[in-house]
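Before any comments, here is the structure.
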C-alpha cells in the first residue's frame, strides 16, 4: 500500500473489522506491506508529526 504526505517517522496501526490490532510499525519509503493480510476490510491509523488520520481500506 502506498502512502502519501507522511514524514519519515510516521507510524501506523492496522486493525481488523473486529477492532483487533493486526499490524503496526513505521512507514518506510511511503509504503506499507499488506501482503500478509488476508482479503477483507481493515482500518488503518497513521500517526505523524502533522497529525493523525484514520482510513478504511479493502485488501483484495
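Numbering (full-length UniProt numbering), first residue to last: 1 to 60.
For glycine and all other residues, C-beta sits at the position ideal for the given N, C-alpha and C.
Quick caveat: nothing in here was measured; it's all calculated off a predicted structure.
Own chain, CB closer than 6 angstroms to residue i, minus 5 neighbours either side, in chain order
{"i": "residue 53", "result": "46"}
{"i": "residue 55", "result": "44"}
{"i": "residue 48", "result": "6, 7 and 10"}
Backbone CA spacing between residue i and residue j [nearest angstrom]
{"i": "residue 60", "j": "residue 7", "result": "27 angstroms"}
{"i": "residue 34", "j": "residue 3", "result": "12 angstroms"}
{"i": "residue 29", "j": "residue 12", "result": "13 angstroms"}
{"i": "residue 41", "j": "residue 19", "result": "11 angstroms"}
{"i": "residue 21", "j": "residue 58", "result": "16 angstroms"}
{"i": "residue 16", "j": "residue 36", "result": "13 angstroms"}
{"i": "residue 1", "j": "residue 26", "result": "13 angstroms"}
Beta-carbon proximity of residue i to residue j, cut-off 9 angstroms
{"i": "residue 38", "j": "residue 24", "result": "no"}
Sequence-distant residues of its chain with Cβ nearer than 8 angstroms to residue i (five each side left out)
{"i": "residue 51", "result": "none"}
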